[in-house]
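So the sequences go chain by chain: A and B.
Residue 16 in full-length UniProt numbering sits at position 16 of the first sequence, and the numbers go up by one each step.
Residue 349 in full-length UniProt numbering sits at position 349 of the second sequence, and the numbers go up by one each step.
The beta carbon of each residue, even a glycine, is placed where N, CA and C say it ideally should be.
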Amino acid sequence: MSTPTITASVTITGETIPRVELTPVAVDLLRSLWEEHGPLMFHQSGGCCDGSSPMLFMAGEFITSDQDVRLGQFDLAPAGEPGQPLDFWMSAEQFNYWSHTFLTVDVVPGRGSGFSAEAPRGVRFLIRSELMTTMTPFAGPTDTVEADAADSPAPVVAS
Amino acid sequence: MTVYAAPGTPGSKVTFKSRYENWIGGEWVAPVKGQYFEDITPVTGKPFAEVARGTAEDIELALDAAHKAAPAWGKTSATERAAVLNRIADVIDANTEMLAVAETWDNGKAVRETINADIPLAADHFRYFASAIRAQDGDHAQLDGDTVSYQFHEPLGVVGQIIPWNFPILMAVWKLAPALAAGNAIVLKPAEQTPVSILVLMELIGDILPPGVVNVVNGFGLEAGKPLASSNRIRKIAFTGETTTGRLILQYASANIIPSTVELGGKSPNIFFSDVAQEKDAFYDKAQEGFVLFAFNQGEVCTAPSRALLQKPIYDSFLGDAVTRASKIIQGNPLDTDTQMGAQASNDQLEKILSYIDIGTKEGARLALGGERADLGGDLTDGYYVQPTIFEGHNKMRLFQEEIFGPVLAVTSFTDYDDAISIANDTIYGLGAGVWSRNGNVAYRAGRDIQAGRVWVNNYHAYPAGAAFGGYKSSGIGRENNKLALGHYQQTKNLLVSYSENKLGFF
């Protein structure tokens, strides 16, 4: 049976449509890395050399806070097997500029990526993006950022 | 015009070893687990050397060596350490072409940049910190008639440094020089995309330094970088890279209660006020070049001027001239001194840049130039080349908000001064910025109003030693390239001396 695309469950309060998905090749790689390392998490990076890529860590290795948004949760487990939850996180300030896009986590041949767990395999995760077709099912960033909502910039308007 | 022979062919300025071990305690040490990885040159996309795939065990060996060396090195006089730094600078200068070719082969950047910028700046950087440490005084204060407070600068001891791949030698030197000048021993982890050129430098300068003062362990971030950054045997961790890893490193540092300096990238605005086009003179030409500098180092610079802000009255004409100029950028063999733009540093970097070009188009940005992978044919056909690319759009687009780290420029317009500053500061980053105006007051005021650690006024992409470099906002913590960096590698010892014969009188 071929590996399916996996779409993350909705984890942002007030939203109804998923924000993140995994390509089949990403699913295969994540399942293999899960076997090697155990539970995992993504935190989307920004900036500089290895930035703007999703970083894969052992679950809990990267300490998230009120300054982060959980965009969704994947379940890597095949149907009927015990769950393998994998959260996808991004800093709240970065989410303010990314919230109008749907993210697909893919895999490309590559070398190095901060402390991300896939690097020794000679590959790295890559984000591909689509515009969200509508803003309405989504909470604005102001609602999704739990802390200091009053200080958050105005919601991004998709063009 | 000169075309340097490719490494591995007759007449090359550099001969790489087929395999590189870790540099620990003044000698080459095989990795404990015996594993290696291939170093790929972005010029052709082909591997050219094997490099030690270091792990926590190798980091421990390097820390052993560093701890052994640190006490004596920390006690040397500033005079002695400055002499060592100056000798290193002399050796770099004597080997400029060799190091430049090695750097170009490892990273992909055009050799005219490594010869004229990376390598000479590295030499000068050592000289600057040789001078800075000689000139550094402690403080003292006479607190009252018989009490004196002395502040001494002491080295931290053993420090960790994690280096990016965009200027592999120069960025290593930005961290090595102040740490060495201040009297620290170092364990350095280069980027796994560019692990070799720094080892070529160590081959040249290794015997100038006492064994164990500088140790280099290569490997992947998870396997070698994390054990270094999270070790309780370092007294400081310095990192240049991206935001998520930067936060992780700060978390590790907090667990050990040690300082950390992090430089985490940017999305630098380059602002052109209307008066730059008042005349088509030398200054206009300079400003045009300043716009095209987005393509310098293939855009793989933390401070790349990746957002151009043009004032409305000159928007069409200035952009038209600049697009024409950018369209003439010479892409080609990075070892050809006529080549102006080389290869991106890795395949995944290439893929990421293309993914941004894709989302830029989807967001409705207008493509004014480029937008595709460049196939340069021949041996270079599998190299990682991207056309210089210019998009027009607005500042809320992801193209304008994310560091693409490629030759991709996002251009928008502004109405007046306040609009310019507002757009410039509408970013989570604050590393670099450029301001161009013939009006000194406007240029000066803008320079102060932009929230960034480095604002170039009527110039861009100059990195002279002495000019402090570092980020505001999410671009990081700390300053390099200036004597301020010494403070990041020093502990303050206060000696509070009483020369009164009289007791306090409390007991």
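Cα separation between residue i and residue j?
i, j, result
"aspartate 93 of chain B", "proline 120 of chain B", "7 Å"
"alanine 154 of chain A", "glycine 430 of chain B", "Low confidence applies to alanine 154 of chain A: its pLDDT is 36, below 50, so where it sits in the model is not reliable enough to give any reading."
"asparagine 256 of chain B", "isoleucine 163 of chain B", "21 Å"
"proline 109 of chain A", "leucine 199 of chain B", "25 Å"
"serine 91 of chain A", "valine 69 of chain A", "6 Å"
"isoleucine 477 of chain B", "glycine 471 of chain B", "6 Å"
"alanine 78 of chain B", "leucine 29 of chain A", "52 Å"
"histidine 67 of chain B", "phenylalanine 95 of chain A", "43 Å"
"aspartate 285 of chain B", "leucine 310 of chain B", "15 Å"
"glycine 364 of chain B", "leucine 399 of chain B", "10 Å"
"leucine 264 of chain B", "lysine 503 of chain B", "52 Å"
"leucine 204 of chain B", "aspartate 379 of chain B", "30 Å"
"glycine 80 of chain A", "leucine 86 of chain A", "17 Å"
"glycine 241 of chain B", "proline 190 of chain B", "11 Å"
"valine 10 of chain A", "methionine 55 of chain A", "20 Å"
"proline 178 of chain B", "leucine 40 of chain A", "38 Å"
"isoleucine 330 of chain B", "threonine 339 of chain B", "5 Å"
"residue 569 of chain B", "arginine 124 of chain A", "As shown, chain B starts at 1 and ends at 507. That puts residue 569 of chain B outside it, with no answer to give."
"valine 91 of chain B", "glutamine 136 of chain B", "25 Å"
"valine 173 of chain B", "alanine 181 of chain B", "12 Å"
"valine 101 of chain B", "serine 65 of chain A", "45 Å"
"valine 107 of chain A", "threonine 44 of chain B", "22 Å"
"glycine 112 of chain A", "leucine 222 of chain B", "9 Å"
"isoleucine 133 of chain B", "valine 262 of chain B", "22 Å"
Hey, residue i and residue j: beta-carbon distance below 8 Å or not?
i, j, result
"valine 29 of chain B", "leucine 61 of chain B", "yes"
"glycine 434 of chain B", "threonine 412 of chain B", "no"
"threonine 244 of chain B", "serine 474 of chain B", "no"
"proline 7 of chain B", "phenylalanine 37 of chain B", "no"
"phenylalanine 405 of chain B", "glutamine 349 of chain B", "yes"
"serine 53 of chain A", "leucine 126 of chain A", "yes"
"threonine 104 of chain B", "threonine 96 of chain B", "no"
"alanine 420 of chain B", "isoleucine 271 of chain B", "yes"
"leucine 188 of chain B", "asparagine 215 of chain B", "yes"
"asparagine 481 of chain B", "alanine 467 of chain B", "yes"
Per DSSP, residue i forms a beta bridge with which residues?
i, result
"proline 259 of chain B", "DSSP lists no partner for proline 259 of chain B."
"isoleucine 24 of chain B", "B:Glu27"
"glycine 447 of chain B", "Looking at the DSSP assignment, glycine 447 of chain B forms no beta bridge with any residue, so it has no partner."
"alanine 140 of chain B", "Checking the displayed sequence, the identity of residue 140 of chain B turns out to be histidine instead of alanine. DSSP, once it has assigned bridges, lists B:Tyr150 as partnering histidine 140 of chain B."
"lysine 473 of chain B", "B:Tyr429"
"glutamine 490 of chain B", "B:Pro155"
"valine 214 of chain B", "B:Ile186"
"histidine 43 of chain A", "A:Met55, A:Trp89"
"tryptophan 456 of chain B", "B:Gly434"
"arginine 373 of chain B", "B:Val386"
"valine 108 of chain A", "A:Arg124"
"aspartate 39 of chain B", "B:Ala49"
"phenylalanine 239 of chain B", "B:Ile162, B:Val262"
So with Cβ pairs under 8 Å, would you call residue i a contact of chain B?
i, result
"leucine 30 of chain A", "no"
"phenylalanine 74 of chain A", "no"
"leucine 131 of chain A", "yes"
"isoleucine 63 of chain A", "yes"
"residue 195 of chain A", "No answer is possible for residue 195 of chain A: it lies beyond the span of chain A, which begins at 1 and ends at 159."
"threonine 101 of chain A", "yes"
"cysteine 49 of chain A", "yes"
"proline 24 of chain A", "no"
"isoleucine 127 of chain A", "yes"
"glycine 38 of chain A", "no"
"methionine 41 of chain A", "no"
Within 8 Å of any Cβ in chain A, is that where the Cβ of residue i sits?
i, result
"alanine 389 of chain B", "Reading off the sequence shown, one finds threonine at residue 389 of chain B, where the question assumed alanine. It does not: the Cβ of threonine 389 of chain B has no partner Cβ on chain A nearer than 8 Å."
"arginine 479 of chain B", "no"
"lysine 226 of chain B", "yes"
"serine 260 of chain B", "no"
"leucine 188 of chain B", "no"
"glutamine 251 of chain B", "yes"
"residue 512 of chain B", "Since the displayed chain B opens at 1 and closes at 507, residue 512 of chain B lies outside it and no answer follows."
"leucine 264 of chain B", "yes"
"leucine 199 of chain B", "no"
Would residue i count as contacting chain E if we go by Cβ distances under 8 Å?
i, result
"arginine 124 of chain A", "This model lacks chain E altogether, as its protein chains are A and B."
Sorry if obvious, but does the Cβ on residue i come closer than 7 Å to a heavy atom of the ligand HEM?
i, result
"alanine 70 of chain B", "Only the bare structure without any ligand can be found here, which leaves the ligand HEM out of the picture."
Using a Cβ-Cβ cut-off of less than 8 Å, give me the residues of the segment 354-371 of chain B that come near chain A, in sequence order.
-> Ser355, Tyr356, Asp358, Ile359, Lys362, Glu363, Gly364
Residues of the segment 416-439 of chain B with Cβ closer than 9 Å to any Cβ of chain A, in chain order = Asp426, Thr427, Ile428, Tyr429, Leu431
Any residues in the segment 12-44 of chain B with a beta carbon nearer than 7 Å to a beta carbon of chain A? Which ones, in chain order?
-> Ile40
Which of the residues in the segment 161-189 of chain B, read from start to end, lie with their CB under 9 Å from any CB of chain A?
-> Pro164, Trp165, Asn166
Below 8 Å between beta carbons is the criterion; list the residues of the segment 105-119 of chain A that meet it against any residue of chain B, in chain order.
-> Val108, Pro109, Gly110, Arg111, Gly112, Ser113, Gly114, Phe115, Ser116, Ala117, Ala119
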